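To start, the structure under review is shown below, and the notes come after it.
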Amino acid sequence: MSFLPQAIVDALLLGGIYTLMVIGLSVSLGITRVINFVHGEAIMLGAYAAYWGLTLLKIDPLLALPIVALLGAVIGFLVFKGLIAPVLDAPQENQILLTFGLGLVLQNIALILWTGNERSSNPPYAFSSFDFDTVSIPGGRLIAVCAAIIMVVALFIWLKYGEWGRASRALAENRDAAILMGINVPFLYAFTFGLASALAAATGVICSFIFAITPFMGFDMLVKGFAIIILGGLGSIVGSVAGAFLLAFAETTVAYYVPSGNGWAEAVAFVVMFITLIIRPRGIVGQVTGQ
Amino acid sequence: MYGRLAILAAAGFVQGTLIAHAQDTIKIGVALELSGRFVSFGSYCKDGVEFASELYGNTTVAGKRVEFIYRDLQSDAQTTVTAFTELLSTQGINYVIGPTASPIAAAAIGPWRQTKPIWLVPGASTTTMETEVGAEPTFFHTYPYAYHYHETLSAALRHYLGEGKRVAVVYVDDAYGRTHLPLVKEYFTKAGFEIVAEEVMRANSPDLNPVLSKIRSARPDILIGLVQSTDAVTLAKQVHTRNMKIPYLVGAASTQHREWQDAVGEAQEGWIGLGTYLPHLVNWPANPEYPKIFMSTSEWERLFEARFKREPNYDDIMCYTNAGQLLIALEKAGGDNKDKVAEELAKLDTMSPFGPTKFTKTRGGTRNQAFSSMLVFQRHQNKNILLYPLSVAKDATLYQAPR
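Sequences listed follow chains A and B, in order. First residue of the first sequence: 1, per my numbering; consecutive thereafter. First residue of the second sequence: 292, per my numbering; consecutive thereafter.
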């Protein structure tokens, strides 16, 4: 039996999920230059928001998504203003430690509030699938791909045509010039971080009906996300998307065609990352220019 | 000068108080997975131990205060080594309950060997425990080993399905999965089943579709998932979504857990599981010798539900019973004498809410094994249907999974 058609479908679906996982991370790194270790916890909190919305208020996760994303944006904005902005000019180690510590705090707050019991949202479409002879397309993952496409396209449109989007690109290219042009840099940094948090929270909503939700789910996603953005090119959204799909195809190929491949598939991310760092340190698309 | 003398006197007083306190206190370490991957096992076990401590009353044994010292192993091997070393070598504790998960218990073996305290392990089906420490007189295993699982499961499925059925296995790449896999193959082959596929998955794998595609191509009649925790949720949901058309689905570890059932929703229908305890199913009688701590099962369940506002699971009642056994053994031994306590614990043969507490030797070489009998059940319309042993499963029907 040929697995090729199913393998291609699985790789595309996994690529969509990986795109969701990294897009916010790429935005925050590309524009604010903050290596955001709290990104995984933003996904986790988005997942819990969707879960509790469904369980307590009977709100479908997809309907809750805009609200959760907006909440994520507001919280991300406030976190940046209150905690991260003061260390923006400090050594990068300080930023890493700060965001890492914040991530641990959020993880443990979630653990205290909701325990470590595994949960999952189960709207009807979570178990749907489209079956064609030898190929099966899970509905939940297809939704994830569609959401990824919408988010990436919307982000590109905003960056290219939106006033603040163009300002963000200017800021990413040259902060001093952006200040001289009258761009409110502190506000834009916080806004962008809020946007990244919104994307992460939205990712969490989607993940809530695909994966098991626990307070620890964010860290694995964060580690994978960093591997992808290193592969794609730090701070490049196009690179991150390319990296997501490249990694998804690599992992899926190994899982299908290498004996006991699923046991090795996760290691593929790190092998690919090591090779990229050695051969092409700036990633597939290239690194954002330094200040 | 007088100031220095006063400080010295105060320090001496404090130290003397601490020493006196230590001498008046029997410490019992409770080392559990209170966070991380196996938190659903460890946190329930902690509830069970705390409940035993509360019901025993003031927790005083042979005139000494009993203090339970809890440590969170974070479901992490390195943290386990550190915690055990601290409890055993630094604090000098002679009694430990836990952990529950196979890989975590295996990690504790090294530090345990330093002082070899009395070690009650209410979990850890991995036979690594049996091989490494089973013969030790202070090791007490109070949960079935992997071979108990598959001996019971294969017999149950053979009873309902006959011989010749095709079996596929998905196993997680850790101590749990790698221990259970050869035993599945051994016992199911012996029972007349054919193993047609075995696929490994890494813990926390986000995508099981490649595994499921390969499993599906083998066209099995039975799928056995040797997975736990979040992996069991991912497996059940993806199996259900993929319309695998495998009639019988077996979750060796998680099917009995309310968390798994709630997390997977409709996907739980038809899953077969094993356990040592299902609430409100078996009612062991009260123990007239220890009525305060070893009441009847139904009375224990009533008190537990009133206290914790939820249905108990096997970790609760098993750890409760282990704590009760240890407290009774301490009482019989007359105090904190490890060897005497081990002796009393080994020969303790009494009734508990969890069943008879007798420790016996296993075929694999564990000197002190209790509670190795298992129940096989199936999730059907959000209820547990008992399938095996036949003596308690009355006119049961084995249903096929809906998708």
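In this text, a Cβ means the ideal position worked out from N, Cα and C, and glycines have one as well. Remember, it's a predicted structure, so these values are computed and weren't measured experimentally.
- Proximity of chain B to residue 256 of chain A at the Cβ level (cut-off 8 angstroms) is accounted for by 501, 504, 505, in chain order.
- Residue pairing by DSSP puts residue 132 of chain A in a beta bridge opposite A/135.
- For residue 17 of chain A, the chain B residues whose Cβ falls inside 9 angstroms of its Cβ are 497, 498, in order along the chain.
- Rounded to whole angstroms, the separation of the alpha carbons of residue 616 of chain B and residue 579 of chain B is 15 angstroms.
- Residue 377 of chain B is not a Cβ neighbour of residue 407 of chain B, given a cutoff of 9 angstroms.
- Selection B/585, B/660, B/553, B/529 evaluated against residue 54 of chain A yields B/553 as nearest (Cα-Cα).
- Counting the other Cβ atoms within 10 Å of the Cβ of residue 522 of chain B gives 16 or more, which makes it buried.
- Residues of chain B with a Cβ closer than 9 angstroms to the Cβ of residue 140 of chain A are, in chain order, 528, 532.
- The beta carbon of residue 524 of chain B is closer than 8 angstroms to those of 545, 551, 554, 555 in its chain, skipping five residues each way along the sequence.
- For the segment 305-370 of chain B, the continuous alpha helix (DSSP H) assignments of 4+ residues that do not extend past its boundaries occur at 330-347, in sequence order.
- Chain A places no beta carbon closer than 9 angstroms to that of residue 339 of chain B, leaving this residue out of the contacts.
- Taking the Cα positions, residue 652 of chain B is about 19 angstroms away from residue 630 of chain B.
- Sequence-distant partners of residue 111 of chain A (beyond 5 residues in either direction) whose C-beta falls short of 6 angstroms from its own C-beta, in its chain, are 215.
- Legend: CB atoms of the segment 549-570 of chain B lying less than 8 angstroms from CB atoms of chain A belong to residues 550, 551, 553, 554, 555, 556, 557, 558.
- Inter-residue distance for residue 206 of chain A and residue 151 of chain A is about 12 angstroms (C-alpha atoms, whole angstroms).
- Here the C-alpha atom of residue 430 of chain B lies approximately 27 angstroms from the C-alpha atom of residue 577 of chain B.
- Excluding five sequence positions before and after residue 346 of chain B, the CB atoms of its chain that fall closer than 7 angstroms to its own CB belong to 583, 584, given in chain order.
- Within the segment 119-139 of chain A, the residues whose Cβ lies closer than 8 angstroms to some Cβ of chain B are 119, 120, 122, 126, 127, 128, 129, 131, 136, 138, 139, listed in chain order.
- Relative to the Cα of residue 541 of chain B, the nearest Cα in the group B/625, B/533, B/560, B/454 belongs to B/560.
- Among the bridge pairs identified by DSSP, residue 646 of chain B is matched with B/643.
- Looking at the DSSP output, residue 563 of chain B shares a beta bridge with B/541, B/669.
- Of B/575, B/452, B/380, the smallest CA-CA separation from residue 589 of chain B is found for B/575.
- Here the C-alpha atom of residue 153 of chain A lies approximately 54 angstroms from the C-alpha atom of residue 438 of chain B.
- Per DSSP, residue 575 of chain B lies in no alpha helix (DSSP H) segment and is marked neither H nor E.
- Between residue 90 of chain A and chain B, the shortest Cβ-Cβ separation is not below 9 angstroms.
- Taken through DSSP and simplified to helix, strand or coil, residue 441 of chain B comes out as helix.
- Contact between residue 22 of chain A and residue 240 of chain A is confirmed by a C-beta separation of about 5 angstroms, below the 8 angstroms threshold.
- Among the CB atoms of chain B, one or more fall inside 9 angstroms of the CB of residue 260 of chain A.
- Selection B/573, B/452, B/604 evaluated against residue 646 of chain B yields B/573 as nearest (Cα-Cα).
- Between the segment 22-41 of chain A and the segment 221-238 of chain A, the count of C-beta pairs closer than 8 angstroms reaches three or more; the two stretches touch.
- For residue 513 of chain B, the enclosing beta strand (DSSP E) starts and ends at 513-517.
- Judged by DSSP secondary structure, residue 457 of chain B falls within the beta strand (DSSP E) whose first and last residues are 457-463.
- Comparing alpha-carbon positions, the option among A/191, A/93, A/109, A/67 lying closest to residue 168 of chain A turns out to be A/191.
- By the neighbour-count criterion, in which 16 or more other beta carbons inside 10 Å mark a residue as buried, residue 251 of chain A falls on the buried side.
- Close to residue 111 of chain A, with beta-carbon spacing below 7 angstroms, are these residues of chain B in chain order: 326.
- Counting the other Cβ atoms within 10 Å of the Cβ of residue 380 of chain B gives fewer than 16, which makes it exposed.
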